[in-house]
Amino acid sequence: MSQSSNQPREQWASRVGFILAAMGSAVGLGNVWRFSYVAGENGGAAFLVIYIAMILLIGLPIVMAEFTIGRKGQSDAVGSFEKLSPGNERLAPGEPWKIAGIMGVASAFMILSFYGVIAGWILYYLLNYLTGNLWSAPTDGYGAFFGEFISGSFQPIVWQFIFMALTIGIVFVGVKKGIERANKILMPLLGILIIVLSVYGLTLGGASEGLAFLFSPDWSALANPNIYLAALGQAFFSLSLGMGALITYGSYLSSKESLPGAAASVATLDTLFAIIAGLMIFPAVFAFGIDPAAGPGLVFVVMPDVFDSFALGGIFGILFFFLLAAAALTSAVSLLEVAVAYFIRKFNWSRKQASLIVGGIIFLFGIPSALSQGVLAGVGFGDLDFIDSVDFIASNIFLPLGGLIIALFMGWGFKKADALKDSDFGNTVLGNLWLFLLRYVAPIGIIFVFLSSIGVFG
Ligand code: PHE
Numbered sequence: 005m006s007q008s009s010n011q012p013r014e015q016w017a018s019r020v021g022f023i024l025a026a027m028g029s030a031v032g033l034g035n036v037w038r039f040s041y042v043a044g045e046n047g048g049a050a051f052l053v054i055y056i057a058m059i060l061l062i063g064l065p066i067v068m069a070e071f072t073i074g075r076k077g078q079s080d081a082v083g084s085f086e087k088l089s090p091g092n093e094r095l096a097p098g099e100p101w102k103i104a105g106i107m108g109v110a111s112a113f114m115i116l117s118f119y120g121v122i123a124g125w126i127l128y129y130l131l132n133y134l135t136g137n138l139w140s141a142p143t144d145g146y147g148a149f150f151g152e153f154i155s156g157s158f159q160p161i162v163w164q165f166i167f168m169a170l171t172i173g174i175v176f177v178g179v180k181k182g183i184e185r186a187n188k189i190l191m192p193l194l195g196i197l198i199i200v201l202s203v204y205g206l207t208l209g210g211a212s213e214g215l216a217f218l219f220s221p222d223w224s225a226l227a228n229p230n231i232y233l234a235a236l237g238q239a240f241f242s243l244s245l246g247m248g249a250l251i252t253y254g255s256y257l258s259s260k261e262s263l264p265g266a267a268a269s270v271a272t273l274d275t276l277f278a279i280i281a282g283l284m285i286f287p288a289v290f291a292f293g294i295d296p297a298a299g300p301g302l303v304f305v306v307m308p309d310v311f312d313s314f315a316l317g318g319i320f321g322i323l324f325f326f327l328l329a330a331a332a333l334t335s336a337v338s339l340l341e342v343a344v345a346y347f348i349r350k351f352n353w354s355r356k357q358a359s360l361i362v363g364g365i366i367f368l369f370g371i372p373s374a375l376s377q378g379v380l381a382g383v384g385f386g387d388l389d390f391i392d393s394v395d396f397i398a399s400n401i402f403l404p405l406g407g408l409i410i411a412l413f414m415g416w417g418f419k420k421a422d423a424l425k426d427s428d429f430g431n432t433v434l435g436n437l438w439l440f441l442l443r444y445v446a447p448i449g450i451i452f453v454f455l456s457s458i459g460v461f462g
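For the sequence shown, the numbering used here assigns the number 5 to the initial residue and increments by one for each residue that follows.
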């Protein structure tokens with residue numbers, strides 16, 4: 005038997021509360037910071053085409069699977085598998101499927117460890133816009149300012165700490181109380197702001213190049229096998245997928261909500277946010293002569309130029325970094341919640357105890373990432389530095405692998421009739437299409453991408 009905690013589990017206040025929370029998890033640094041630099045490094049439009057295909061064929065069906073597993077299992081990422089697959093005389097409950105949940109908890113540690121660092125950079129920029137320091141270019145330019153900040157040893161850790169303290173604080177009081185309001189107000193504001201900034205960006209003189217980069221594919225980029233792995237990892241990262249975050253959030257849902265509508269809304273909104281962020285960033289990238297493949301610092305060097313290019317742009321700088329920090333916070337909360345929910349049940353810890361201990365450990369785990377641009381430069385795998393190595397292993401390997409197991413579990417490990425019923429699809433064409441995608445398309449797609457990335461297809 006799995007251990008079970010005797011503390012009452014949280015429930016969302018309403019169906020809207022759940023959708024907003026899932027959206028708040030999905031929309032975050034992944035849509036702005038990560039999408040822009042990964043698309044920039046992988047050829048722009050060709051990447052976008054593959055990315056959208058992966059969202060539709062692999063991501064969305066697995067979002068549905070996670071919601072279904074969570075709501076039915078009413079437990080954390082690991083416990084939901086234990087409850088739903090009872091085992092037999094040779095296998096313990098949940099074996100072997102719950103490996104997806106265990107990997108998910110590990111992914112939460114890895115992702116939040118570096119997510120806190122990048123979000124700390126956002127907070128530092130927010131401070132520098134609040135003080136007016138970045139309203140005009142520093143003596144050596146915005147790029148040098150950024151480089152100097154991230155290569156320091158003290159500041160990046162301090163800001164990572166502040167962000168993690170906020171995240172821990174919210175999970176400490178409980179996700180429900182902590183985030184519903186932020187998602188209702190601040191996320192739409194961020195949406196409006198990036199729409200306004202992308203309309204403005206079109207007047208900057210880099211518009212035609214920027215739009216071509218984002219929307220007119222150079223198909224030759226498809227010959228590079230790395231683009232598929234990059235798109236797959238980005239799809240999972242951006243949808244908060246493959247690590248049980250959506251299982252955990254689904255588990256705080258009572259029964260009668262329609263999951264397919266929720267899944268479709270989350271995936272649509274998340275993808276729109278990324279595309280609009282691309283519209284905001286790429287025309288500006290070309291207007292200011294920045295290399296779209298500049299890497300993880302891309303937003304931090306482009307956006308200050310944008311805010312510097314019109315009167316009182318600094319106010320937009322304040323808003324942008326504030327709202328992005330808020331979006332990052334609601335995502336970070338969902339990451340921490342995966343691990344905290346697991347530890348609460350497994351070790352019968354209180355929510356407060358689990359938040360502090362787990363959050364504290366993740367903060368410590370993140371310190372090497374915070375130092376990766378300075379004293380630890382050069383430490384990492386191949387040509388990736390430490391922070392990018394952690395991101396690569398978690399996002400491009402752990403998340404899709406977790407997603408593969410989840411797809412197989414729902415597609416093959418579940419009885420078909422149960423899967424259709426528990427997902428709210430019923431025996432419909434859409435429901436059968438969903439199972440077809442889970443059974444064949446998603447697993448084969450993920451395995452194909454893995455194999456091609458290690459050069460199996462030449
Ligand atoms: N989807 C979040 C973002 O785009 C990050 C995240 C990944 C959150 C995995 C939870 C789980 O910023």
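Think of the CB as a built atom: it goes at the ideal place given N, C-alpha and C, for glycine as much as any other residue.
Over what stretch of residues does the alpha helix (DSSP H) that includes residue i continue unbroken?
i	result
Leu441	Here Leu441 belongs to no alpha helix (DSSP H), and DSSP marks it neither H nor E.
Ala374	355-374
Ile399	Residue 399 is actually Ser in this sequence, not Ile. Taken as a continuous stretch (DSSP letters only), Ser399 belongs to no alpha helix (DSSP H), as it is neither H nor E.
Phe240	230-242
Leu24	19-30
Tyr146	146-154
Arg4	With the chain represented from 5 up to 462, any question about residue 4 goes unanswered, as that position is not in the structure.
Ser111	103-134
Ala288	263-291
Thr252	249-254
Ser456	446-457
Asp309	302-311
Ala423	420-426
Gly214	211-219
Going by the CB atoms, is the gap between residue j and residue i shorter than 7 angstroms?
i	j	result
Ala123	Ala345	no
Tyr406	Ile62	According to the sequence shown, residue 406 is Gly rather than Tyr. Against a cut-off of 7 angstroms, the Cβ pair of Ile62 and Gly406 comes out as no contact.
Phe150	Gly21	no
Met107	Phe347	no
Ala329	Leu130	yes
Val270	Met27	yes
Leu424	Gly415	no
Trp37	Val303	yes
Ile294	Asn46	no
Ile183	Val305	no
Ser457	Pro229	yes
Pro100	Glu86	no
Leu327	Leu194	yes
Gly210	Ala291	yes
Val82	Gly105	yes
Ile161	Leu127	no
Asn35	Ala278	yes
Ser258	Gln78	no
Gln238	Val42	yes
Val121	Gln164	yes
Ala398	Met114	yes
Would the beta-carbon of residue i be found less than 6 angstroms away from any heavy atom of the ligand PHE?
i	result
Gly237	no
Leu3	Past the edges of the chain, shown from 5 to 462, lies residue 3, and the structure says nothing about it.
Ser29	yes
Ser255	no
Ser18	no
Leu339	yes
Ser242	yes
Ala249	yes
Ser472	A query on residue 472 cannot be resolved here, the shown segment of the chain reaching from 5 to 462 and no further.
Handout entry: Every unbroken alpha helix (DSSP H) inside the region 157-181 [4 residues or more]
Key = The qualifying runs are 159-177.
Exercise for the section: Mind listing, in chain order, the continuous alpha helix (DSSP H) runs of no fewer than 4 residues lying wholly within the region 39-98? Expected result: If only uninterrupted alpha helix (DSSP H) runs of at least 4 residues are considered, those enclosed by the region 39-98 are 39-45, 49-58, 64-77, 81-88.
Exercise for the section: Decide if the region 171-189 is in contact with the region 360-373; the criterion is three or more beta carbon pairs, one per stretch, under 8 angstroms apart. Expected result: For the pair of segments examined, the region 171-189 was found to touch the region 360-373: the number of CB pairs separated by less than 8 angstroms reaches three.
Problem - Three-pair Cβ contact test at 8 angstroms for the region 435-443 versus the region 52-68 - result: Proximity of the region 435-443 to the region 52-68 meets the contact definition, three or more beta-carbon pairs being nearer than 8 angstroms.
Practice task
Spell out a yes or no on whether the region 211-228 and the region 313-323 are touching, meaning 3 or more CB-CB pairs, one atom from each, closer than 8 angstroms.
Solution key: Output reads no: the region 313-323 does not touch the region 211-228.
Practice task
Assess, as a yes-or-no matter, whether the region 71-80 is touched by the region 246-261 under the definition of 3 or more beta carbon pairs within less than 8 angstroms.
Solution key: The region 246-261 makes contact with the region 71-80; the number of CB pairs closer than 8 angstroms reaches 3 or more.
Exercise for the section: Indicate whether the contact test is met: 3 or more Cβ pairs, each with one atom in the region 371-386 and one in the region 138-156, closer than 8 angstroms. Expected result: Yes: the two stretches touch, three or more of their Cβ pairs being nearer than 8 angstroms.
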